[in-house]
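K.L.:
My structure is below; once you've seen it, I'll send some questions.
Number of protein chains: 2
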Amino acid sequence: MDAAEFRRRGKEMVDYVADYLENIEKRQVYPDVEPGYLRSMIPTEAPLEPELYEDVIKDVERVIMPGVTHWHSPYFYAYFPAATSFPAMLADMLCGAIGCIGFSWAASPACTELETVMLDWLGKMLQLPEDFIAGTHGHGGGVIQGTASEATLVALLAARCKAVRLAQASDPARTEAEIFSKLVAYTSDQAHSSVERAGLIGGVRMRKVPTDSKYAVKGETLKNMVEEDKKAGLIPFFFCATLGTTPSCAFDHITELGPICNANKIWMHIDAAYAGSAFICPEFRPLLNGVEFADSFNFNPHKWLLVNFDCSTLWVKKRSDIIGAFKMDPLYLKHENQESGRGFFFFFDRLRFRSLKMWFVFRLYGLTGLQAHIRKQVGLAKEFESLVKADKRFEICADVIMGLVCFRLQGSNELNKALLKKINDAKQIHLVPCQLSGSFVLRFAICARTTESRHVQEAWQHITQLTFELLQEPCH
Amino acid sequence: MDAAEFRRRGKEMVDYVADYLENIEKRQVYPDVEPGYLRSMIPTEAPLEPELYEDVIKDVERVIMPGVTHWHSPYFYAYFPAATSFPAMLADMLCGAIGCIGFSWAASPACTELETVMLDWLGKMLQLPEDFIAGTHGHGGGVIQGTASEATLVALLAARCKAVRLAQASDPARTEAEIFSKLVAYTSDQAHSSVERAGLIGGVRMRKVPTDSKYAVKGETLKNMVEEDKKAGLIPFFFCATLGTTPSCAFDHITELGPICNANKIWMHIDAAYAGSAFICPEFRPLLNGVEFADSFNFNPHKWLLVNFDCSTLWVKKRSDIIGAFKMDPLYLKHENQESGRGFFFFFDRLRFRSLKMWFVFRLYGLTGLQAHIRKQVGLAKEFESLVKADKRFEICADVIMGLVCFRLQGSNELNKALLKKINDAKQIHLVPCQLSGSFVLRFAICARTTESRHVQEAWQHITQLTFELLQEPCH
Numbered sequence: 001m002d003a004a005e006f007r008r009r010g011k012e013m014v015d016y017v018a019d020y021l022e023n024i025e026k027r028q029v030y031p032d033v034e035p036g037y038l039r040s041m042i043p044t045e046a047p048l049e050p051e052l053y054e055d056v057i058k059d060v061e062r063v064i065m066p067g068v069t070h071w072h073s074p075y076f077y078a079y080f081p082a083a084t085s086f087p088a089m090l091a092d093m094l095c096g097a098i099g100c101i102g103f104s105w106a107a108s109p110a111c112t113e114l115e116t117v118m119l120d121w122l123g124k125m126l127q128l129p130e131d132f133i134a135g136t137h138g139h140g141g142g143v144i145q146g147t148a149s150e151a152t153l154v155a156l157l158a159a160r161c162k163a164v165r166l167a168q169a170s171d172p173a174r175t176e177a178e179i180f181s182k183l184v185a186y187t188s189d190q191a192h193s194s195v196e197r198a199g200l201i202g203g204v205r206m207r208k209v210p211t212d213s214k215y216a217v218k219g220e221t222l223k224n225m226v227e228e229d230k231k232a233g234l235i236p237f238f239f240c241a242t243l244g245t246t247p248s249c250a251f252d253h254i255t256e257l258g259p260i261c262n263a264n265k266i267w268m269h270i271d272a273a274y275a276g277s278a279f280i281c282p283e284f285r286p287l288l289n290g291v292e293f294a295d296s297f298n299f300n301p302h303k304w305l306l307v308n309f310d311c312s313t314l315w316v317k318k319r320s321d322i323i324g325a326f327k328m329d330p331l332y333l334k335h336e337n338q339e340s341g342r343g344f345f346f347f348f349d350r351l352r353f354r355s356l357k358m359w360f361v362f363r364l365y366g367l368t369g370l371q372a373h374i375r376k377q378v379g380l381a382k383e384f385e386s387l388v389k390a391d392k393r394f395e396i397c398a399d400v401i402m403g404l405v406c407f408r409l410q411g412s413n414e415l416n417k418a419l420l421k422k423i424n425d426a427k428q429i430h431l432v433p434c435q436l437s438g439s440f441v442l443r444f445a446i447c448a449r450t451t452e453s454r455h456v457q458e459a460w461q462h463i464t465q466l467t468f469e470l471l472q473e474p475c476h
Numbered sequence: 001m002d003a004a005e006f007r008r009r010g011k012e013m014v015d016y017v018a019d020y021l022e023n024i025e026k027r028q029v030y031p032d033v034e035p036g037y038l039r040s041m042i043p044t045e046a047p048l049e050p051e052l053y054e055d056v057i058k059d060v061e062r063v064i065m066p067g068v069t070h071w072h073s074p075y076f077y078a079y080f081p082a083a084t085s086f087p088a089m090l091a092d093m094l095c096g097a098i099g100c101i102g103f104s105w106a107a108s109p110a111c112t113e114l115e116t117v118m119l120d121w122l123g124k125m126l127q128l129p130e131d132f133i134a135g136t137h138g139h140g141g142g143v144i145q146g147t148a149s150e151a152t153l154v155a156l157l158a159a160r161c162k163a164v165r166l167a168q169a170s171d172p173a174r175t176e177a178e179i180f181s182k183l184v185a186y187t188s189d190q191a192h193s194s195v196e197r198a199g200l201i202g203g204v205r206m207r208k209v210p211t212d213s214k215y216a217v218k219g220e221t222l223k224n225m226v227e228e229d230k231k232a233g234l235i236p237f238f239f240c241a242t243l244g245t246t247p248s249c250a251f252d253h254i255t256e257l258g259p260i261c262n263a264n265k266i267w268m269h270i271d272a273a274y275a276g277s278a279f280i281c282p283e284f285r286p287l288l289n290g291v292e293f294a295d296s297f298n299f300n301p302h303k304w305l306l307v308n309f310d311c312s313t314l315w316v317k318k319r320s321d322i323i324g325a326f327k328m329d330p331l332y333l334k335h336e337n338q339e340s341g342r343g344f345f346f347f348f349d350r351l352r353f354r355s356l357k358m359w360f361v362f363r364l365y366g367l368t369g370l371q372a373h374i375r376k377q378v379g380l381a382k383e384f385e386s387l388v389k390a391d392k393r394f395e396i397c398a399d400v401i402m403g404l405v406c407f408r409l410q411g412s413n414e415l416n417k418a419l420l421k422k423i424n425d426a427k428q429i430h431l432v433p434c435q436l437s438g439s440f441v442l443r444f445a446i447c448a449r450t451t452e453s454r455h456v457q458e459a460w461q462h463i464t465q466l467t468f469e470l471l472q473e474p475c476h
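Those protein sequences? They're chains A and B, same order as listed. Residue numbers for the first sequence follow the UniProt record's numbering, so the first one is 1 and each next one is one higher. Residue numbers for the second sequence follow the UniProt record's numbering, so the first one is 1 and each next one is one higher.
See the structure below:
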């Protein structure tokens with residue numbers, strides 16, 4: 001395919017994309033296929049000779065679309081949102097064309113520099129403390145990672161490296177292996193599974209901190225665990241706080257937790273993967289109070305800030321903590337401006353020119369446009385909450401603070417499992433469950449950018465209809 | 001921006017992309033900017049209100065392009081290639097529109113299934129042993145990772161997990177920490193820095209195996225180190241072989257190394273990041289002989305197989321080895337077809353619908369088209385090699401097997417450093433150096449898809465002209 005054909009096919013693809021997104025409501029949100037459906041629909045090997053473009057495109061509707069879960073359908077209420085916007089898609093086209101691999105400043109200065117400045121823009125939107133902003137006299141700054149999971153791991157590894165240095169400073173005879181065996185990290189019992197996995201990868205103990213009635217970690221609880229572990233000869237070194245947990249969007253009490261971490265030389269990382277985007281609204285910013293105690297902070301603009309996947313933004317207070325943990329300097333990466341440029345390159349940097357997406361989205365929406373998006377979705381969640389509350393058969397299971405509503409039928413877990421199965425089998429809308437205090441709970445997350453009040457109303461009507469049918473069934 | 005405006009802007013962007021790539025030769029391959037150039041060119045904060053699209057686009061030429069290192073210019077000969085092709089770009093547009101996050105089968109069945117089948121297609125193109133192919137009776141299969149660095153880390157962590165299980169099976173009293181302290185991994189002294197970093201992250205010793213005169217690891221050398229370490233009470237558990245090293249594109253002797261690893265229960269991972277693509281050509285496939293001994297194999301189609309970044313393909317012989325090392329099962333990820341679907345989800349999966357790029361590229365180029373691309377670039381490297389060989393002032397520093405030529409002026413390292421500086425300062429072409437046996441060496445890698453013989457000839461003429469000037473200078 002040459003440039004001339006790309007001009008033609010590219011424009012057709014733009015129309016296909018626009019058509020897909022304009023008419024997504026007409027597609028069933030969750031597919032009918034069974035596992036293994038695709039293999040039999042296409043050849044077992046790649047073709048020897050080039051195929052016709054028309055045939056490939058035909059197969060998109062024949063092979064791919066029947067197996068797609070449509071995340072951008074206004075009937076999709078599962079997991080958390082995956083951000084998408086037209087400006088981000090345009091920027092991604094440009095990113096693909098430039099196609100640089102930005103592993104150092106020299107490898108593409110614009111890629112490195114725009115990323116640093118975009119992280120500053122975003123940090124300022126969130127009113128992060130100056131320490132986290134690169135364009136100040138501080139030692140911090142931000143960088144794009146692929147996912148919050150990777151950001152947590154990077155933070156944990158940096159903390160581990162620092163803890164080893166600290167332990168060896170007071171006793172140079174201690175081996176790394178011996179210190180590792182004493183390290184202990186902490187996170188909420190509501191934290192995402194990737195936090196536990198980060199501990200597994202780092203080869204350190206990860207203790208789950210019990211949460212309060214709101215599913216949040218309190219200072220006192222962590223403090224007691226830390227003291228207990230210290231008495232047992234362990235070295236507490238890392239705490240991953242969550243702002244907006246995956247099951248119920250709960251917020252750990254970081255204003256209490258931060259000082260405890262600081263006093264005990266525990267690296268505090270904040271994972272605000274979903275909720276972080278909302279902190280650009282002044283009314284939600286208080287939930288981030290306490291970030292000044294953190295060593296690192298992360299959230300995913302690719303979840304709720306209209307920047308297409310992947311774009312997970314990580315800020316650290318001291319760039320040198322991270323650089324120290326990962327630095328390697330082969331000759332083929334050396335260049336004249338090594339120190340002044342990128343500043344810090346981690347292991348998990350995705351290397352693409354992802355900051356273009358942020359630049360396009362921030363400029364074409366403006367801060368007010370982004371805030372409007374957050375507020376609209378929180379409003380829709382509140383609307384759904386009122387509908388649930390007005391129906392005495394149901395209960396709300398956690399405070400509705402952002403775009404997530406946790407609810408259930410009053411009754412057994414089996415009943416709620418049956419309801420969820422009925423909902424997902426009907427495939428008119430799509431939800432996933434969670435577990436809260438032993439209860440099986442339904443999560444209703446406002447996801448698609450195009451979800452409107454009428455969709456939420458329709459979803460609730462559908463859920464109550466299925467509930468009615470379920471409760472009619474003899475076994476209930 | 002609504003769908004209607006996206007139709008218009010998207011088509012303009014398609015033309016911008018086509019124009020950029022058609023006229024890339026006219027742009028200076030390496031930018032003139034100094035570190036920090038970008039910050040002063042744009043505002044310090046994001047705008048409150050939306051800006052005009054026209055203004056954003058104007059800034060692409062004003063702010064971004066002056067700071068871009070043009071990886072797809074035929075004057076770019078640095079690092080290794082970054083793949084790009086029009087079919088991959090079209091697929092990426094579609095990927096952005098679908099915008100699913102494929103962390104489980106249910107999250108988008110097509111995303112999971114196409115990836116598995118595309119890895120089979122590619123595995124068959126490489127003639128990987130059946131063990132590595134998912135659609136067989138074996139226990140293996142492939143998955144897309146972001147980079148070779150991540151693939152190496154995944155393999156090392158899986159090996160570490162297996163080694164711990166093995167050690168505890170024979171002595172259940174041994175703690176994980178104690179076992180970690182005894183584990184030892186190996187890799188070539190020519191291996192990419194990310195291999196060493198993987199050891200650092202995994203908290204295990206990484207020993208560099210000395211290479212022979214061709215910069216390759218021989219079986220005997222590894223065997224001796226393993227025996228020595230075992231005598232010292234250590235547990236050898238992981239060897240990362242390299243096929244196509246970054247400095248000189250050397251190939252470890254895996255037919256010798258494989259049996260040694262197997263006999264010692266050492267996980268053999270093969271990192272063929274750059275060279276792997278060439279194994280789709282029968283004439284290069286013998287270099288992969290010995291892969292049957294490997295536990296995992298990885299290379300980057302995003303380097304040399306016309307699939308845009310990121311697409312690093314990793315195959316394992318036993319999926320369960322990897323799943324065991326990373327498995328976590330929170331309720332919100334459970335679904336009915338959990339076991340039958342995706343098969344294995346790692347930590348570093350990028351989760352986007354990246355297999356679409358592979359599908360488009362394989363079908364629109366066909367195997368013969370892909371082979372032609374590899375052969376053409378190897379031919380251009382051979383052409384450059386002959387030019388160097390014909391000039392008695394120069395020497396070739398390593399066998400030219402693929403698209404990389406390592407060469408230098410006969411003389412001091414200082415002289416060669418001066419030559420490289422002259423070349424890169426002139427900015428007509430762009431190269432990076434490497435170190436081989438203490439010598440400072442220039443790397444000339446055929447990178448851009450559009451590089452032709454005339455570009456290579458021109459590059460050589462330019463280099464000899466600068467050499468002439470350099471040798472005239474009084475200090476030399």
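Glycine included, every Cβ here is placed at the ideal spot set by N, Cα and C. Computed from a prediction, not measured in an experiment: that's the story for all the values here.
Can the beta-carbon of Phe353 of chain A be found less than 8 Å from the beta-carbon of Cys95 of chain A?
P.N.:
Yes, these two residues count as a Cβ contact at 8 Å.
K.L.:
Below 8 Å on C-beta distance, what does Lys11 of chain A contact in chain B?
P.N.:
Chain B residues near Lys11 of chain A: Gly10, Lys11 and Val14.
K.L.:
Expressed to the nearest angstrom, what Euclidean distance is found between the alpha-carbon atoms of Ser85 of chain B and Thr211 of chain A?
P.N.:
Looking at the two C-alpha atoms, the distance is approximately 51 Å.
K.L.:
His462 of chain A and Pro74 of chain A - do their beta-carbons sit closer together than 8 Å?
P.N.:
It is not a contact, given that the beta carbons lie outside the stated cut-off.
K.L.:
Taking the DSSP output, what are the residues bridged to Asn298 of chain B?
P.N.:
B:Asp271 and B:Leu314, per the DSSP bridge assignment.
K.L.:
For Lys124 of chain A, go through chain B and note every residue whose CB falls closer than 9 Å to its CB, in chain order.
P.N.:
What Lys124 of chain A touches in chain B: Thr44, Glu45 and Ala46.
K.L.:
By a C-beta neighbour count over all protein chains shown, 10 Å radius and 16 as the cutoff for buried, is Ala263 of chain B buried or exposed?
P.N.:
Ala263 of chain B is exposed by the Cβ-count criterion.
K.L.:
Let me confirm a value: Ile468 of chain B is counted as buried when at least 16 other C-beta atoms fall within 10 Å, else exposed. Which label applies?
P.N.:
In the sequence on display, residue 468 of chain B carries Phe and not Ile. Exposed, since its Cβ has fewer than 16 Cβ neighbours within 10 Å.
K.L.:
So if DSSP puts Gly142 of chain B in a beta bridge, which residue, or which two residues, is it bridged to?
P.N.:
Per DSSP, B:Trp315.
K.L.:
Of the residues A:Phe444, A:Phe407 and A:Met402, which one's Cα is nearest the Cα of Ile396 of chain A?
P.N.:
Minimum Cα distance to Ile396 of chain A is reached at A:Phe407.
K.L.:
Should the segment 6 to 23 of chain A be regarded as contacting the segment 11 to 18 of chain B, the criterion being three or more beta carbon pairs within less than 8 Å?
P.N.:
Short answer: they touch.
K.L.:
Taking Cβ to Cβ, would you say Val441 of chain A is nearer than 8 Å to Cys447 of chain A?
P.N.:
For Val441 of chain A and Cys447 of chain A, no; Cβs fall outside 8 Å.
K.L.:
What's the C-alpha gap between Pro247 of chain B and Leu380 of chain A?
P.N.:
So the two alpha carbons sit approximately 56 Å from each other.
K.L.:
Does the beta-carbon of Gly233 of chain A have 16 or more other beta-carbons within 10 angstroms, so that it is buried, or is it exposed?
P.N.:
So Gly233 of chain A counts as exposed.
K.L.:
Quick one: is Arg62 of chain B buried, meaning 16 or more other Cβ sit within 10 Å of its Cβ, or exposed?
P.N.:
So Arg62 of chain B ends up on the exposed side.
K.L.:
Are there 16 or more other CB atoms within 10 angstroms of the CB of Ala390 of chain B, so buried, or fewer, so exposed?
P.N.:
With fewer than 16 Cβ atoms within 10 Å of its Cβ, Ala390 of chain B is classed as exposed.
K.L.:
What do you get for Asn416 of chain B, buried or exposed, if any count of 16 or more other CB atoms within 10 angstroms of its CB means buried?
P.N.:
Answer is buried; the Cβ neighbour count reaches 16.
K.L.:
As an exercise, report each continuous beta strand (DSSP E) stretch of at least 3 residues that is fully enclosed by the segment 182 to 255 of chain A, in chain order.
P.N.:
Whole beta strand (DSSP E) segments, 3+ residues: 183 to 188, 205 to 209 and 235 to 242.
K.L.:
Just mark Met13 of chain A as buried or exposed, buried being the case when its beta carbon has 16 or more other beta carbons within 10 Å.
P.N.:
When all chains shown are included, Met13 of chain A counts as buried.
K.L.:
Per DSSP, what are the beta-bridge partners of Phe76 of chain B in this structure?
P.N.:
The partner list for Phe76 of chain B (beta bridge, DSSP) reads B:His430.
K.L.:
Name the residues in the segment 85 to 106 of chain B whose C-beta lies less than 8 Å from a C-beta of chain A; which are they?
P.N.:
Correct list: Ser85, Phe86, Pro87, Ala88, Met89, Leu90, Asp92, Met93, Leu94, Gly96, Ala97, Ile98, Gly99, Cys100, Ile101, Trp105 and Ala106.
K.L.:
Strictly under 8 Å for the Cβ-Cβ distance: is His72 of chain A near chain B by that measure?
P.N.:
True, the Cβ-Cβ gap to chain B drops below 8 Å.
K.L.:
Name the chain A residues whose beta carbon is nearer than 9 Å to that of Ser181 of chain B?
P.N.:
By Cβ distance, chain A contributes Thr175, Glu176, Ala177, Glu178, Phe180 and Ser181.
K.L.:
Can you pull out the residues from the segment 357 to 384 of chain A whose beta carbon lies closer than 7 Å to at least one beta carbon of chain B?
P.N.:
Listed by position along the chain: Phe360, Phe362, Arg363, Leu364, Tyr365, Gly366, Leu367, Thr368 and Gly369.
K.L.:
In this structure, does DSSP put Ser85 of chain A in helix, strand or coil?
P.N.:
Coil, per DSSP.
K.L.:
I think Glu113 of chain B touches Arg27 of chain A, with their Cβ atoms under 8 Å apart; what is that distance to the nearest whole Å?
P.N.:
So it is not a contact: roughly 18 Å between Cβ atoms.
K.L.:
Leaving out five residues before and five after Ala278 of chain A in sequence, what residues of the same chain have Cβ atoms less than 6 Å from its Cβ?
P.N.:
The residues are Phe284, Ile374 and Met402.
K.L.:
Does residue 477 of chain A come out as helix, strand or coil in the three-state DSSP assignment?
P.N.:
As displayed, chain A neither begins before 1 nor continues past 476, which places residue 477 of chain A out of reach and without an answer.
K.L.:
For Gln338 of chain A and Gly102 of chain A, what's the separation of their Cα atoms in angstroms?
P.N.:
With a pLDDT of 49 at Gln338 of chain A, under the threshold of 50, the modelled position of this residue cannot be trusted; read the value that follows with caution. The straight-line gap from Cα to Cα measures roughly 13 Å.
K.L.:
Please confirm if Met206 of chain B has its CB atom under 8 Å from at least one CB of chain A.
P.N.:
Cβ-Cβ to chain A under 8 Å: no for Met206 of chain B.
K.L.:
Closer than 8 Å, CB to CB, is Asp131 of chain A near chain B or not?
P.N.:
False, the Cβ-Cβ gap to chain B never drops below 8 Å.
K.L.:
In this structure, does DSSP put residue 477 of chain A in helix, strand or coil?
P.N.:
Nothing can be reported for residue 477 of chain A: it is not among the residues displayed for chain A, which extend from 1 to 476.
K.L.:
Among all the DSSP beta bridges, which residues are the ones paired with Val405 of chain A?
P.N.:
In DSSP, Val405 of chain A forms a bridge with A:Phe444.
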